[in-house]
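> Residue numbers (our numbering): 3 to 394.
Cβ coordinates follow ideal geometry from the N, Cα and C atoms, glycine included.
One structure follows; several queries about it will come next.
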């Protein structure tokens with residue numbers, strides 16, 4: 003038994019829903035724990051008008067009583083405020099005779115870089131709105147909600163996590179590696195582009211403004227750091243139990259993410275082994291540790307006890323106000339692609355989504371390794387493991 007969740011809902015449907023199963027009973031979890039993370043996702047320089055329409059807050063529908071989990075599935079709902087303008091266009095009931103005009107938002111011009119055409123081919127949709135409504139990054143709202151529950155679990159067992167921006171449009175931040183998680187949070191939460199290097203903040207904002215003026219979009223790189231993970235979480239015995247592999251899959255599952263690296267990542271290809279691997283040392287109080295952390299907290303698919311460091315590459319959002327050429331699937335004629343509301347840059351918000359995607363996978367790995375139906379015994383097992391590792 004482990005953690006899992008499902009999400010449901012369309013971008014302009016009545017609500018987004020997630021059901022989480024596997025949270026141990028007795029874990030403190032409040033709506034405000036989730037709402038503060040949803041608010042972080044909506045921030046960021048370069049966001050579009052949709053973020054002015056939606057003020058995301060969660061409704062806890064089941065699985066929590068008097069501020070603590072029950073051990074049963076936790077159902078979370080986030081209502082879409084914009085639904086009132088889409089009730090007929092996105093309604094579940096069949097259209098009656100003479101209501102064909104309600105299909106005025108029908109999409110037949112596939113947008114390059116989106117799921118539109120491939121999804122239409124897969125499911126046989128002649129109206130690609132049936133694809134884009136679900137493939138929209140609006141779904142990450144409830145991925146963050148599920149991740150917020152995971153992040154709460156992590157914080158209660160001594161694991162802290164932060165996501166931040168390290169690059170936008172080729173403008174790179176220089177981040178002091180000695181900064182603590184708390185210091186990184188303090189700097190990035192106060193930055194419009196969620197960057198820890200104030201010297202490049204305005205330059206990044208200028209690049210976003212320029213892209214917006216040109217009807218274009220820009221991408222970047224985000225980084226997630228988690229400290230406090232016990233050593234030996236994950237496994238080397240099978241490919242699908244390696245925790246770093248699960249983190250890589252989680253990152254590239256986020257809308258518009260096209261690459262991932264752990265630790266120094268691709269830089270390792272350009273260095274000799276002596277400058278890649280981390281020497282092992284031992285301290286009487288702390289036990290084993292690595293003198294460096296080039297491998298990002300992993301060896302053999304398992305945590306080393308050092309901070310977990312994961313980076314993801316986000317491509318520029320493909321919805322452009324200066325649209326690329328495409329083909330109308332009805333007429334087969336070339337047209338400029340359809341335009342939906344969009345952001346000129348969503349990298350700052352994507353850092354929050356990535357943070358919660360990583361939080362979910364780390365929480366899953368801990369629940370799998372130290373599973374208990376009760377949170378108090380789950381916490382006891384983790385603390386016993388930490389003591390064992392120090393004395394090993």
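Who are the near neighbours of residue 154 in its chain, counting only those whose CB is closer than 6 Å to its CB and skipping five residues on each side?
Indexing the chain shown from 1 puts residue 154 at position 152. Same-chain partners within the cutoff: 31, 35.
> Short of 7 Å in beta carbon distance, which residues of its chain neighbour residue 187, apart from the five on each side in sequence? Order them along the chain.
The residue labelled residue 187 in the question sits at position 185 within the chain shown. Non-local C-beta neighbours of residue 187 in its own chain, meaning closer than 7 Å and more than five positions away in sequence, comprise 164, ordered along the chain.
> Spell out a yes or no on whether the stretch 227 to 241 and the stretch 290 to 302 are touching, meaning 3 or more CB-CB pairs, one atom from each, closer than 8 Å.
yes
> In whole angstroms, give me the CA-to-CA distance for residue 314 and residue 172.
Along the chain shown, read from residue 1 onward, the residue named residue 314 stands at position 312. Along the chain shown, read from residue 1 onward, the residue named residue 172 stands at position 170. The alpha-carbon atoms of residue 314 and residue 172 are separated by roughly 14 Å.
> Using 8 Å for Cβ pairs, my map puts residue 64 next to residue 76. What's the rounded Cβ distance?
Translated into positions along the chain shown, residue 64 becomes position 62. Translated into positions along the chain shown, residue 76 becomes position 74. Indeed, because the Cβ distance is near 7 Å, the residues count as touching under 8 Å.
> When you compare each of 389, 375, 177, 21 to residue 60 by their alpha carbons, which one comes out closest?
Translated into positions along the chain shown, residue 60 becomes position 58. That would be 21, whose Cα lies nearest to the Cα of residue 60.
> Using the DSSP secondary-structure output, state which residues sit across from residue 165 in a beta bridge.
Within the chain shown, numbered from 1, the residue matching residue 165 stands at position 163. According to DSSP, residue 165 bridges with 226.
> Could you check what DSSP says for residue 48 in three-state terms: helix, strand or coil?
On the chain shown, position 46 is the one that residue 48 refers to. Taken through DSSP and simplified to helix, strand or coil, residue 48 comes out as coil.
> To test your reading of the DSSP string, which unbroken beta strand (DSSP E) runs of 3 or more residues are found completely within the stretch 262 to 315?
282 to 285, 289 to 292
> Please report how far the alpha carbon of residue 217 lies from the alpha carbon of residue 327, in whole angstroms.
Within the chain shown, numbered from 1, the residue matching residue 217 stands at position 215. Within the chain shown, numbered from 1, the residue matching residue 327 stands at position 325. Straight-line Cα distance between these residues: approximately 14 Å.
> Check for me: the alpha helix (DSSP H) holding residue 145 runs from which residue to which?
As a first step, residue 145 is located in the chain shown; it is residue number 143 there, counting from the start. Per DSSP, the continuous alpha helix (DSSP H) segment holding residue 145 begins and ends at 142 to 158.
> Can you tell me the Cα-Cα spacing of residue 378 and residue 181, whole angstroms?
The count along the chain shown starts at 1 and reaches residue 378 at position 376. The count along the chain shown starts at 1 and reaches residue 181 at position 179. If you take the alpha carbons of residue 378 and residue 181, they lie about 31 Å apart.
> Which of helix, strand or coil does DSSP assign to residue 111?
Sequence index remark: in the chain shown, residue 111 carries index 109 (1-based). Reduced to three states, the DSSP call for residue 111 is strand.
> Please classify residue 265 as buried or exposed, where buried requires at least 16 other C-beta atoms within 10 Å of its C-beta.
If you number the chain shown from 1, residue 265 lands on position 263. The residue is buried, with at least 16 neighbouring Cβ atoms inside 10 Å.
> What did DSSP end up calling residue 7 once you bin it into helix, strand or coil?
For the purposes of this step, residue 7 is taken as residue 5 along the chain shown, with counting starting at 1. Strand, per DSSP.
> I'd like to know whether the C-beta atoms of residue 319 and residue 219 end up nearer to each other than 8 Å.
Counted from its first residue, the chain shown places residue 319 at position 317. Counted from its first residue, the chain shown places residue 219 at position 217. Yes; because the gap between Cβ atoms is below 8 Å, this pair is in contact.
> Could you check the C-alpha separation between residue 339 and residue 322 for me, to the nearest Å?
As a first step, residue 339 must be located in the chain shown, where it is residue number 337. As a first step, residue 322 must be located in the chain shown, where it is residue number 320. Their backbone Cα atoms lie some 9 Å apart in a straight line.
> Identify which residue in 203, 139, 189, 382 has its Cα closest to the Cα of residue 345.
Locating residue 345 in the chain shown gives position 343, counting from the first residue. Of the candidates 203, 139, 189, 382, the one whose C-alpha sits nearest the C-alpha of residue 345 is 139.
> Under a Cβ-count criterion, where at least 16 other Cβ atoms within 10 Å of its own Cβ denotes burial, should residue 196 be classed as buried or exposed?
Position 194 of the chain shown, counted from the start, is the residue given in the question as residue 196. Looking at its Cβ environment, which holds 16 or more other Cβ atoms inside 10 Å, residue 196 is buried.
> If distances are taken between C-alpha atoms only, which option among 304, 44, 69 comes closest to residue 237?
Here the question's residue 237 lines up with position 235 in the chain shown. Of the candidates 304, 44, 69, the one whose C-alpha sits nearest the C-alpha of residue 237 is 304.
> Between the stretch 347 to 366 and the stretch 124 to 138, do at least 3 Cβ pairs fall closer than 8 Å?
No, they do not touch.
> Can you tell me which residues form a DSSP beta bridge with residue 78?
Taking the chain shown and counting its residues from 1, one reaches residue 78 at position 76. In DSSP, residue 78 forms a bridge with 20, 62.
> Which term fits residue 189, buried or exposed, when burial requires 16 or more other beta carbons within 10 angstroms of its beta carbon?
To locate residue 189, count along the chain shown from 1; it is residue 187. The residue is buried, with at least 16 neighbouring Cβ atoms inside 10 Å.
> In three-state DSSP terms, what is residue 337?
For the purposes of this step, residue 337 is taken as the residue at position 335 of the chain shown. DSSP places residue 337 in strand when its eight states are reduced to three.
> In three-state terms, what does DSSP make of residue 210?
Working through the chain shown from its first residue, we reach residue 210 at position 208. Reduced to three states, the DSSP call for residue 210 is helix.
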